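A.B. asks:
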Amino acid sequence: MNKARWIGLALLAAAPLAGMGDYPLHLIILCLLWAFVYTGWAVMGRLGMVSLGHGAFLGVGAYVVVMGWNHFHISPWLGLPLALAATAALAFLIGYPCFRFKIVGHYFALVTLALSEVVRLIIIALRDYTGGSLGVTPKTALAKASWSLSAMQFSSKLVWFYVILMVWLAGLWIWTRVDRSMSRLALEAISQEEDAAASIGMSVTRLKLGVTMVSALMTCVGGVLYAQYQLYVNPESVSGIGISLQMVFGAIAGGMFVRLGPTVGAVFTLLLAEGLRLTIGHDIHGLDATIYGLMLVLFIIFMPKGILGAAIEAYEKRRRAPRVAPA
Amino acid sequence: MQIFDSFLLEAVINGILLGGILALLALGLNLIFGVIDVVWICYAELIMIGMYSVYYAHNVYHWPLALAFLACVLLVAALGALLHVLVIRPVLGAEPINQLLVTGGVLFFLQAVATLAFGVEFKNVGVSLPALQIAGMYISFARLIAFGVALGGMVALYLFLKRTYIGTAIRAISQDRGIMPLMGVSPNRIFVLTSAIGGALAGLAACLLVLQYDIHPAIGLSFGPITFMVCVLGGLGNMVGGFIAAFIFAQFISVGGYFLALEWGYVLAFLFFIGMMFWRPQGILGGK
Amino acid sequence: MLRLENVSAGYGSFQALFDVSLEVNGGESVAVIGPNGAGKTTLLRVISKLLPASAGTVSMEGWPLNDVPAHQVIARGIAQVPENRRLFPKLTVEENLKMGGFLAAARARYAERLEFVYSLFPRMKERRAQAAGTLSGGEQQMCAIGRALMSGPKLLLLDEPSAGLAPVVVQAIFGLIRRICAEGYTVLIVEQNIRQVLKVVDRAYLLETGRIKTSGAAATLLASDEIRKAYLGL
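Chains as they are written, first to last, in our numbering: chain A, 2 to 328; chain B, 129 to 416; chain C, 141 to 374.
1) Are GLY276(B) and GLY148(B) closer than 9 angstroms when you measure CB to CB?
2) Determine the closest residue to LEU150(B) out of TRP407(B), ILE381(B) and ILE225(B), with distance taken between C-alpha atoms.
3) Helix, strand or coil for MET141(C) per DSSP?
4) Output the distance between the C-alpha atoms of LYS369(C) and GLY167(C), rounded to the nearest integer angstrom.
5) So what does DSSP say about PRO327(A), is it helix, strand or coil?
6) Which residues of the segment 287-314 of chain B have a Cβ closer than 8 angstroms to any Cβ of chain C? Give them in chain order.
7) Along the segment 221-233 of chain C, what residues have a CB closer than 7 angstroms to any CB found in chain B?
8) Could you have a look at MET153(A) and say whether DSSP puts it in helix, strand or coil?
9) Considering only residues of the segment 210-270 of chain B, which uninterrupted beta strand (DSSP E) runs meet the minimum length of 3 residues and lie entirely inside it, listed in chain order?
10) When the distance is taken between beta carbons, is LEU174(B) closer than 9 angstroms to GLY331(B)?
11) For a test of the three-state rule: what should DSSP assign to ARG258(A), helix, strand or coil?
12) Go through its chain and collect everything with a Cβ distance to VAL327(C)'s Cβ below 6 angstroms, but skip five positions before and after it.
13) Apart from the five residues just before and just after LEU261(A), which ones in its own chain have a Cβ nearer than 8 angstroms to its Cβ?
14) Determine the direct distance from the alpha carbon of PRO209(C) to that of GLN124(A), and round the result to whole angstroms.
15) What residues of chain B sit near HIS107(A), judged by a beta carbon separation below 7 angstroms?
16) Pick out whichever of LYS4(A), ILE104(A) and MET219(A) has its Cα sitting closest to the Cα of MET405(B).
17) Can you say whether PRO327(A) is buried or exposed, counting buried as having 16 or more other CB atoms within 10 angstroms of its CB?
18) Could you say which of PRO192(C), VAL330(C) and LEU190(C) lies nearest to ALA303(C) if we only look at CA atoms?
19) For PRO258(B), go through chain A and note every residue whose CB falls closer than 7 angstroms to its CB, in chain order.
20) Restricting to Cα atoms, I'd like to know which of ARG143(C), ARG249(C) and ASN176(C) is closest to GLY292(C).
21) With a CB to CB cut of under 7 angstroms and the five nearest residues on each side skipped, what residues in its chain are close to MET214(A)?
22) Does MET404(B) come out as helix, strand or coil in the three-state DSSP assignment?
23) To be precise: take each residue of the segment 70-102 of chain A, compare its Cβ to all Cβ atoms of chain B, and keep it if any distance is under 9 angstroms. Which residues remain?
24) Output, in chain order, the set of chain A residues within a Cβ distance shorter than 8 angstroms of GLU391(B).
25) Three Cβ pairs or more, each shorter than 8 angstroms: is that satisfied between the segment 179-192 of chain C and the segment 155-162 of chain C?
26) To the nearest angstrom, report how far apart PRO218(B) and PRO192(B) are at their CA atoms.
27) Can you give, in chain order, each stretch of the beta strand (DSSP E) that sits fully within the segment 280-344 of chain C and has at least 3 residues?
28) Using beta carbons (cut-off 9 angstroms, strictly below), is ALA251(C) in contact with chain B?
29) Ignoring anything shorter than 4 residues or poking outside the segment 250-275 of chain C, list the alpha helix (DSSP H) runs there in chain order.
30) When the Cβ atoms of the segment 42-60 of chain A are set against those of the segment 105-121 of chain A, are three or more pairs found closer than 8 angstroms?
31) Give the list of continuous alpha helix (DSSP H) stretches no shorter than 4 residues that lie fully inside the segment 3-34 of chain A.
32) Given that a residue counts as buried once 16 or more other Cβ atoms are within 10 Å of its Cβ, and exposed if not, what is TYR386(B)?
33) At a Cβ threshold of 9 angstroms, is ILE267(B) touching chain A?
34) Residues in its own chain within less than 6 angstroms of THR220(A) by CB, not counting five upstream and five downstream?
35) In terms of alpha-carbon separation, which member of GLY132(A), CYS32(A) and ARG6(A) lies closest to LEU166(A)?
36) Could you tell me how far apart the beta carbons of VAL239(A) and ALA63(A) are, in whole angstroms, since I believe they sit closer than 8 angstroms?
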């Protein structure tokens, strides 16, 4: 199993060197990027803290860095910690009252959903700086060179591939770390029995807040990378309801309870969306999105554990060996 | 969504009028949550479909406006029932969050279907009502009507829930689902009926909103999130709380929008909302 | 009137009832007695179709209830007062009674039956506008019985009417049940308070670990050694 994992990783890392076109490489990069973001969401989502507002953190990440660069000439490398700080503050602002006062389930989902929408509105309201709904492009540093380290801009997709591959791996590592840093008991306790957790002497509020911070910061990093890679962001693509729900759907479609689930979900949703767009095209505006929406609904009804979750379950069932799913 | 006028008082009055609409929106969601324990994330998208139905019935097929309104209410009521039967019922036994998300999927779906069927261009029913001039202030007639009808709709629902057998059963089922069959009530049918009523309220809201706003596939996003905030602030499922919260929020949006830009009104409302969470986490009327 | 033939039922892999057969004739009052966990409540849930029987048949006035959905059982004339009363706490007393008369056939005679229930329980009339959740235990039991009577049932099922009530109140409730029997209702009552219930009913079945152990006239059972030793501590 371990060996297979390394071989798979090596193949993935070597794939672009085989000389694939820009478009497949672009797709792989996006898959890995979104896989990282979805993994970040699932770090807290699988504990029953279902946030419908991660678009807020994505948006803060993307816009803080781009605004810093465009208006204050702050290198994205400095903008990144600023964005992380802003995200941490925002996550605290929303997380603390929610966990302190046990705002859970539907309430939590709706509160976070409102948060992501508010971030989108703030971006639009600051249209004099952000360009409003039209979006914004980071001032290019690529006019004379094909890359600029200080501006975090690289025209080579290969660079981005390796950067994002490393980030994605880091995301999986964080998932494992979060898993190990808390006992299973604690994790279960958070997601199911608040009182039980309190009775074994854990500060549930602090634990939840910690996990939320990790999750929000990962999403923020995803937003920064997205802006720097695409070199264009608009409020709808990095904040608001749409992208927030997309993260949740991605994680759930793949399976949010297993480590590679969100990654599978990212690959699946991206290829589905892209496949629909290519086969149907823009001639019939909205048909691809219609099918996409329909598939999401069917997924949640018929495969709530996600693709990987269901596959693992079927595999385990066939082996008739009740083992814990690889986490 | 232009809520701007020259006087603060005018903004306050407009806020009250907006509050009526928000209260109507929150009422439908609260009714459904109270009875079925499910939040329809796609509630505002049902309204969007309703607005399109008015446009097509009135402007394309030249039905009289009243008939178009009636058709809209009936259509969205049917959509509500359909949503329950096709989407909610299969996940009633699943994780609560899946119930929430599945309606989020419907949100995508309805937006996409609207794009597919109606295109992305803004549409307008083109019914322009005069503005009322009172003491130097201009109060939109459309808003006055909307306020009146929204209040009327709420009173009608209140009487229905209070006076009729079915209405009493709807209130009862949210208190004890398990013994409803012993009363001769099929919970299933009550759920479908409640969904239809929730849909009808969305349809009614669509009729009122179509007089004030342009229609486009993403119009739901203008109403959805604010409605959720109103519901959470009022306490999910708490219809009275939702009513009060609607008027508070409307003031923030209207007066905030008067001093700053409209978006800032929303942001202020949200900040207020976060503040309220510290003070009254279970909603403004929350007991426990 | 009501006949159970070889009924078995359970929850998942746990079987709670084994081959239970019993009969209630029109005008009779019958008790099913037995210790906690014997399956008494399960029995009533099966009759009301809240729980499907895994085997056997339940029939009412000769008609099997096999294919009758739970919410139509009451239309066949069977009303149940559930365990722990299960009133709708936020509805008023009168609204609770109204729910009992939800059936279309019952609505026509709502006023008349409401009058009857109020004459049976004058206390309910005093408290009719009060939320049911604020009533005392005994009053809640009255309200629950009244709610069941609102449908004008041929057969009244009572699930542990004495549970959780003070001894004095238990006496009063059994007195009321006696009056209801005297009104001509057919009653099937499930009860742990064996001594009290045997003084009220005509016949009784003893249910132990899901099986009918014995049955007979109430007076005979009350006098039998088996019951006296095992359940009355004499």
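Ideal Cβ placement from N, Cα and C applies to all residues, glycine included. This one's a predicted model, so the numbers in the text were calculated from it and none came from an experiment.
C.D. replies: So, from the data block:
1) yes
2) ILE381(B)
3) Reduced to three states, the DSSP call for MET141(C) is coil.
4) 31 angstroms
5) Note that PRO327(A) has pLDDT 48, beneath the 50 cutoff, so the model's placement of it is unreliable and the number below is only indicative. Secondary structure of PRO327(A) (DSSP, three-state): coil.
6) TYR293, THR296, ALA297, ARG299, ALA300, GLN303, ASP304, GLY306, ILE307, MET308, PRO309, LEU310, MET311, GLY312, VAL313 and SER314
7) Answer set for the segment 221-233 of chain C: PRO222, ARG226, PHE228, PRO229, LYS230 and LEU231.
8) In the three-state reduction of the DSSP assignment, MET153(A) falls in the coil class, being assigned neither a helical nor a strand state.
9) 259-262 and 265-268
10) yes
11) The residue you asked about is not Arg; residue 258(A) is Phe in the sequence shown. Reduced to three states, the DSSP call for PHE258(A) is coil.
12) SER169, LEU296 and CYS321
13) LEU173, GLY255 and LEU309
14) Reading off the sequence, residue 124(A) comes out as Ile, not Gln. Roughly 55 angstroms separates the two Cα atoms.
15) VAL167, PRO224, LEU228 and LEU364
16) ILE104(A)
17) In this prediction, PRO327(A) has a pLDDT of 48, which is less than 50 and means its spatial position is unreliable; what the coordinates show is noted afterwards. Classification of PRO327(A): exposed, given that the 10 Å Cβ count is below 16.
18) VAL330(C)
19) Under the 7 angstroms cutoff, chain A gives no residues; its nearest Cβ is about 31 angstroms from PRO258(B).
20) ARG249(C)
21) Excluding positions up to five away in sequence, the list reads ALA89 and ALA92.
22) helix
23) LEU94, ILE95, TYR97, PRO98, CYS99, ARG101 and PHE102
24) LEU122, ILE123, ILE125 and ALA126
25) Below 8 angstroms, enough C-beta pairs join the segment 179-192 of chain C and the segment 155-162 of chain C to call them touching: three or more.
26) Inter-residue distance for PRO218(B) and PRO192(B) is about 39 angstroms (C-alpha atoms, whole angstroms).
27) 295-299 and 326-331
28) no
29) 250-260 and 262-266
30) yes
31) Whole alpha helix (DSSP H) segments, 4+ residues: 3-15.
32) Result: buried.
33) no
34) VAL38, GLY41, HIS55, PHE58 and LEU59
35) CYS32(A)
36) 4 angstroms
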